[in-house]
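There are 2 protein chains.
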Amino acid sequence: MSTTAKATARAGSNIAFIKYWGVADASLNLPLNNSISMTLGDLYTTTTVEWDPDSPLNADTLQIDGAAATGSKAERVSRHLDRVAQLAGIDRPPARVASHNNFPMASGIASSASAFAALSVAAAAALGLHLDTRALSALARKGSGSASRSLFGGYVEWERGCDDASSIAHPLQPADHWALIDLVAVVSTAEKTVSSASGHTLAHTSPLNTARIASLDRALAQVRSALATRNLAELGPAIEQDALAMHAVMMTSSPSLLYWQPATLAILQAVRRWRANEGLPVYFTIDAGPNVHLICEPAAAAAVSSRLQQLDGVQAVLSSGPGAGTTLIQEALF
Amino acid sequence: MSTTAKATARAGSNIAFIKYWGVADASLNLPLNNSISMTLGDLYTTTTVEWDPDSPLNADTLQIDGAAATGSKAERVSRHLDRVAQLAGIDRPPARVASHNNFPMASGIASSASAFAALSVAAAAALGLHLDTRALSALARKGSGSASRSLFGGYVEWERGCDDASSIAHPLQPADHWALIDLVAVVSTAEKTVSSASGHTLAHTSPLNTARIASLDRALAQVRSALATRNLAELGPAIEQDALAMHAVMMTSSPSLLYWQPATLAILQAVRRWRANEGLPVYFTIDAGPNVHLICEPAAAAAVSSRLQQLDGVQAVLSSGPGAGTTLIQEALF
Chain A
2 MSTTAKATAR
12 AGSNIAFIKY
22 WGVADASLNL
32 PLNNSISMTL
42 GDLYTTTTVE
52 WDPDSPLNAD
62 TLQIDGAAAT
72 GSKAERVSRH
82 LDRVAQLAGI
92 DRPPARVASH
102 NNFPMASGIA
112 SSASAFAALS
122 VAAAAALGLH
132 LDTRALSALA
142 RKGSGSASRS
152 LFGGYVEWER
162 GCDDASSIAH
172 PLQPADHWAL
182 IDLVAVVSTA
192 EKTVSSASGH
202 TLAHTSPLNT
212 ARIASLDRAL
222 AQVRSALATR
232 NLAELGPAIE
242 QDALAMHAVM
252 MTSSPSLLYW
262 QPATLAILQA
272 VRRWRANEGL
282 PVYFTIDAGP
292 NVHLICEPAA
302 AAAVSSRLQQ
312 LDGVQAVLSS
322 GPGAGTTLIQ
332 EALF
Chain B
2 MSTTAKATAR
12 AGSNIAFIKY
22 WGVADASLNL
32 PLNNSISMTL
42 GDLYTTTTVE
52 WDPDSPLNAD
62 TLQIDGAAAT
72 GSKAERVSRH
82 LDRVAQLAGI
92 DRPPARVASH
102 NNFPMASGIA
112 SSASAFAALS
122 VAAAAALGLH
132 LDTRALSALA
142 RKGSGSASRS
152 LFGGYVEWER
162 GCDDASSIAH
172 PLQPADHWAL
182 IDLVAVVSTA
192 EKTVSSASGH
202 TLAHTSPLNT
212 ARIASLDRAL
222 AQVRSALATR
232 NLAELGPAIE
242 QDALAMHAVM
252 MTSSPSLLYW
262 QPATLAILQA
272 VRRWRANEGL
282 PVYFTIDAGP
292 NVHLICEPAA
302 AAAVSSRLQQ
312 LDGVQAVLSS
322 GPGAGTTLIQ
332 EALF
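Chains as they are written, first to last, in the working numbering: chain A, 2 to 335; chain B, 2 to 335.
Given below as structure tokens:
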């Protein structure tokens, strides 16, 4: 490779309806359970990878949202670039990576999902490495589990699988199948004390973990069916129960992970009140953090959003419908 | 019975370290699991039962904290009086029952535990019925499960048992064995939307319930050992984990029971912050409601209490050490 090779990819974040929590194999990032998510069209990461054999520093550089990133974040990206180079069968040159999120990074939106999906696609394209979506999904998974799902648009299931090749995502329904809205109620933008990546290794210490995993076949079937038939009244209880079950596992792990804040509870109680008292069809889910995602159809979105913004402790409300999978938006130059 | 027969008993409430949640047999009130609690010396119910063959109304009357009580509460008390009369082998006369709590009824303190313990002892004594503590514990259990524990002072375990005679409590350690303090942070005095009595019948609908039950042998052993050796650092993590596991079961039941409020989370996070940042040895537990019980030793109580009172949403802080079992304070007249 003698010339600079560069590519840019864009990947939507995703919100899981059945959560990924707990690793079965930490080296391959194989999960304990299948998960299902909606890829978010309006909350995305754009990443440019430039392989630079003539790098004066002879080292990778990483910019996130315009600022140089070092330490564990940069190391995690470099390890991922090593994987891409290994797939290409080359001794890799240093890379310049610039990543930009169109949402606040610590807003409770899964930035590592969109970041590692975009990084995988951009890095492979910049090397001229042609991988099919199965191989890209497996690659993205090793960067961040939920990134395997952001490869695809619409509604996506990540099969737990049993090895590197089989633990990959596939689309369940396209984005235009059902226009659900994710309203993200941001209650804290503080960095998490325990990252999801290290939290995953604690799942097995909870006395409730195996019971949650065992219950998921039924929950996954319910979510697939609700998505196929666009049935929010079937989808909603299943996603609330699994979000609560995942947080139950987190809270009862050793050490205990308590991601919720007072405003988290204010939102959960409000959602149930709006449903019970006003018949507002909206359900919640919560990732590994204090922020709450409210899922509804477009007809209810304005009512939900305005009520949300009046709650104490809600700092911002972001919004997204389903979107496309990871897309190469600037080709490599060869 | 020709003369009026009257007796008064006092019973402390109790705070469970390993919770009772879920019934195995609803008619006998047999629980799914053993539970362990501390009987509270300073938060108690005083109940007078007067059997009155000459009652002009020919019906039971019930006063709670000076106000006439009717409806489901009064029926529950009358059903309990039926049980006492049945044990005595008599057709019972109507009764006048007056019950007084020295704490606000909906404050998150288990008023049904102290109420049914006191009612059992007073009603039996007023009939001249001599029951040993095993029989009284079984009787109280049928009124309210946790009342079986309030029969005894200090630290008490309720054996799940397999029938009416075997599902009874017994003391583990006397009250003077260890001067733990329960500081009750009251965040809401609203009546619960779902009473614990009906919540117990939902436990089996949670996918996490059997896992919690299966994990309790270990947790019970840890709590017994921590009590025996007065080891708060061993007791604390076990009681926090079981409180969180019980609420996990509640939240993931169908329908889902979400008892926590924003201030509940503020307290849980504060307790962990005080432990981590200040080394303050205090742990939390939570009954079926939004209020939080903080468990510490006397040396830390003032510091915990003053910090608690500065938290947003804490309306009051009540306090109690361990106390005596249910006591007859006025004998029947025969």
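Even for Gly, the Cβ is constructed at its ideal location relative to N, Cα and C. No experiment lies behind these values; they were computed from the predicted model shown.
1. Could you tell me which chain A residues have their CB closer than 8 Å to the CB of GLU241(B), listed as they occur along the chain?
2. Just verifying my parser: in three-state terms, what is the DSSP assignment at TRP159(A)?
3. Indicate whether the contact test is met: 3 or more Cβ pairs, each with one atom in the segment 145-162 of chain A and one in the segment 175-188 of chain A, closer than 8 Å.
4. In three-state terms, what does DSSP make of PRO323(B)?
5. Measure the alpha-carbon distance for GLY23(A) versus ILE110(A) and round it to whole angstroms.
6. Going by C-alpha distance, which of GLY200(A), SER28(A), GLY237(A), ASP243(A) is nearest LEU258(A)?
7. I want to verify the contact list: residues of chain A whose CB lies under 9 Å from the CB of TRP261(B), in sequence order.
8. Buried or exposed for GLN223(A), going by 16 or more other Cβ atoms inside 10 Å?
9. Assign ASP55(A) to one of two classes, buried (16 or more other C-beta atoms within 10 Å of its C-beta) or exposed (fewer than that).
10. Could you name the residues of the segment 204-224 of chain B whose beta carbon sits closer than 7 Å to any beta carbon of chain A, in the order they occur along the chain?
11. Output needed for LEU329(A): all residues of its chain with C-beta closer than 7 Å, excluding positions within five of it in sequence on either side, in chain order.
12. When you compare each of ILE19(A), LEU228(A), PRO282(A), LEU33(A) to THR211(A) by their alpha carbons, which one comes out closest?
13. Nearest to GLY237(A) by CA position, among LEU281(A), ALA303(A), ALA249(A), is which residue?
14. Given a cut-off of 8 Å on the beta-carbon distance, is the pair TYR45(A) and GLY13(A) in contact?
15. Could you say which of ALA60(A), MET106(A), ALA139(A), LYS74(A) lies nearest to ARG93(A) if we only look at CA atoms?
16. Have a look at GLN270(B) and ARG97(B) and give me their C-alpha separation to the nearest angstrom.
17. Quick check on GLY324(A): buried or exposed, where buried means 16 or more other Cβ atoms within 10 Å of its Cβ?
18. Run through chain A and tell me which residues come within less than 9 Å of ALA246(B), C-beta to C-beta.
19. Kindly indicate the opening and closing residues of the beta strand (DSSP E) around ALA101(B).
20. Taking the straight line between their C-alpha atoms, what separation do you get for ALA317(B) and SER145(B)?
21. Do you know how far the Cα of THR206(B) is from the Cα of SER255(B)?
22. Can you check DSSP and say which residues form a bridge with THR46(A)?
23. Does ARG1(B) get closer than 8 Å to chain A when you measure Cβ to Cβ?
24. State the Cα-Cα distance for the pair SER3(B) and GLN87(B), rounded to the nearest angstrom.
25. With the cut-off set at 8 Å, would you say ALA227(A) and ASN292(A) are in Cβ contact?
26. Given a cut-off of 8 Å, decide if ILE169(A) and ARG225(A) are closer than it, judged by their beta-carbon atoms.
27. Have a look at CYS297(B), THR253(B), ASN278(B) and flag the residue whose alpha-carbon is nearest the alpha-carbon of ALA234(B).
Answer, in terms of the structure:
1. The contacting residues are SER257.
2. DSSP places TRP159(A) in the strand class (E or B) of the three-state scheme.
3. Under the Cβ criterion (8 Å, minimum of three pairs), the segment 145-162 of chain A counts as touching the segment 175-188 of chain A.
4. Assignment of PRO323(B) by DSSP, reduced to helix, strand and coil, places it in the strand class.
5. Taking the straight line from one Cα to the other gives about 19 Å.
6. The shortest Cα separation from LEU258(A) among GLY200(A), SER28(A), GLY237(A), ASP243(A) belongs to GLY200(A).
7. Contact note: TRP261(B) reaches chain A through TRP261, LEU266, LEU269, GLN270, using a C-beta cutoff of 9 Å and chain order.
8. By the Cβ-count criterion, GLN223(A) is buried, with 16 or more other Cβ atoms from all chains shown falling within 10 Å of its own Cβ.
9. That one is exposed.
10. Hits within the stretch, in order: PRO208, LEU209, THR211, ALA212, ARG213, SER216.
11. Excluding positions up to five away in sequence, the list reads ALA8, ALA10, VAL122, ALA126.
12. Residue LEU33(A) is the option with its Cα nearest to THR211(A).
13. Looking from the CA of GLY237(A), the closest CA among LEU281(A), ALA303(A), ALA249(A) belongs to LEU281(A).
14. Taking 8 Å as the cut-off, the beta carbon of TYR45(A) is found closer than this to the beta carbon of GLY13(A).
15. By alpha-carbon distance to ARG93(A), the top candidate from ALA60(A), MET106(A), ALA139(A), LYS74(A) is ALA60(A).
16. It is roughly 46 Å from the alpha-carbon of GLN270(B) to the alpha-carbon of ARG97(B).
17. With 16 or more other CB atoms across the displayed protein chains lying within 10 angstroms of its CB, GLY324(A) is buried.
18. Neighbours of ALA246(B) in chain A, taken as residues at a C-beta separation under 9 Å, are given in chain order as SER207, PRO208, LEU209, ALA249, MET252, THR253.
19. Residue identity check: residue 101(B) is His in the sequence provided, not Ala. Note, HIS101(B): beta strand (DSSP E), 96-102.
20. Taking the straight line from one Cα to the other gives about 26 Å.
21. SER255(B) and THR206(B) have their C-alpha atoms roughly 6 Å apart.
22. Beta-bridge pairing links THR46(A) to ALA12(A), ASN102(A).
23. Residue 1(B) is absent from the structure shown; chain B starts at 2 and stops at 335.
24. Low confidence applies here, because SER3(B) scores a pLDDT of 42, under 50, leaving its location unreliable; read the following figure in that light. The alpha-carbon atoms of SER3(B) and GLN87(B) are separated by roughly 18 Å.
25. Result no, Cβ atoms of ALA227(A) and ASN292(A) do not sit closer than 8 Å.
26. Between ARG225(A) and ILE169(A), the C-beta spacing is not below 8 Å.
27. It is CYS297(B) whose Cα lies nearest to the Cα of ALA234(B).
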